[in-house]
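Working notes, beginning with the structure itself.
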Amino acid sequence: MYGIPDGETFAFLQGRSLDQLSFGRWQLILRFDEGVYVSVESDLGVQLSGGEETVVADAREVAATLVMALGTRVTNVKVNDSQSFSMTFEDGLSVRVIDATEHYESFQASDRDREVVV
Numbered sequence: 001m002y003g004i005p006d007g008e009t010f011a012f013l014q015g016r017s018l019d020q021l022s023f024g025r026w027q028l029i030l031r032f033d034e035g036v037y038v039s040v041e042s043d044l045g046v047q048l049s050g051g052e053e054t055v056v057a058d059a060r061e062v063a064a065t066l067v068m069a070l071g072t073r074v075t076n077v078k079v080n081d082s083q084s085f086s087m088t089f090e091d092g093l094s095v096r097v098i099d100a101t102e103h104y105e106s107f108q109a110s111d112r113d114r115e116v117v118v
């Protein structure tokens with residue numbers, strides 16, 4: 001909805017371990033160590049190492065792939081453009097969070113000290 005704020009890097013996700021995934025009908029929450037989380041209410045891109053990206057509106061469609069990342073650390077975070085950012089995990093899995101809804105919030109990311117709402 002709002003786009004990623006200028007200068008935002010999501011660097012607070014770097015090195016964080018994925019501890020929990022929560023699936024709802026319209027939401028996916030990725031909970032990391034140190035109280036860091038990403039809550040997604042929009043499209044999500046998932047790409048296995050060396051594979052093609054799959055973009056879904058319903059995270060339950062890629063649940064089995066996401067579960068494989070539990071217990072692994074984020075090794076790279078990259079803002080792709082004003083509408084998406086990607087996290088790469090130790091096992092090579094890449095998860096792209098996408099601002100795909102024009103009139104509603106698409107995702108939030110927080111590191112306890114602040115929250116980024118897009």
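Start counting the sequence shown at 1; every next residue gets the next number (this note's numbering).
For each residue, glycine too, the CB sits at the ideal point set by N, CA and C.
Given the structure is predicted, the values throughout are model-derived calculations rather than measurements.
Can you tell me whether R112 is buried or exposed, with buried defined as 16 or more other CB within 10 angstroms of its CB?
By the beta-carbon neighbour count (other beta carbons within 10 angstroms, threshold 16), R112 is exposed.
Can you tell me whether V97 is buried or exposed, with buried defined as 16 or more other CB within 10 angstroms of its CB?
Buried: at least 16 other Cβ atoms inside 10 Å.
Reference F23; option with closest CA among L66, H103, T75
For F23, the nearest C-alpha among the options comes from L66.
CB Q108 to CB V116, shorter than 8 Å?
With respect to V116, Q108 sits close: the two C-beta atoms are nearer than 8 Å.
Selection from S49, L28, R60 that minimises the alpha carbon distance to S39:
Proximity to S39 across S49, L28, R60 peaks at L28, based on C-alpha coordinates.
Residue interval of the alpha helix (DSSP H) (run including A64):
Residue range 63-67 is occupied by the alpha helix (DSSP H) that includes A64.
Starting from the C-beta of Q14, find all residues in its chain whose C-beta is less than 7 Å away, skip the five residues before and the five after it, and write them out in chain order.
Within the same chain, and ignoring the five residues on either side of Q14 in sequence, the residues whose Cβ sits closer than 7 Å to its Cβ are V74, V77.
Can you name, in chain order, every residue of its own chain whose Cβ lies under 8 Å from the Cβ of V62, other than the five neighbours on each side?
Answer for V62: L44, V46, T54, V56, listed in chain order.
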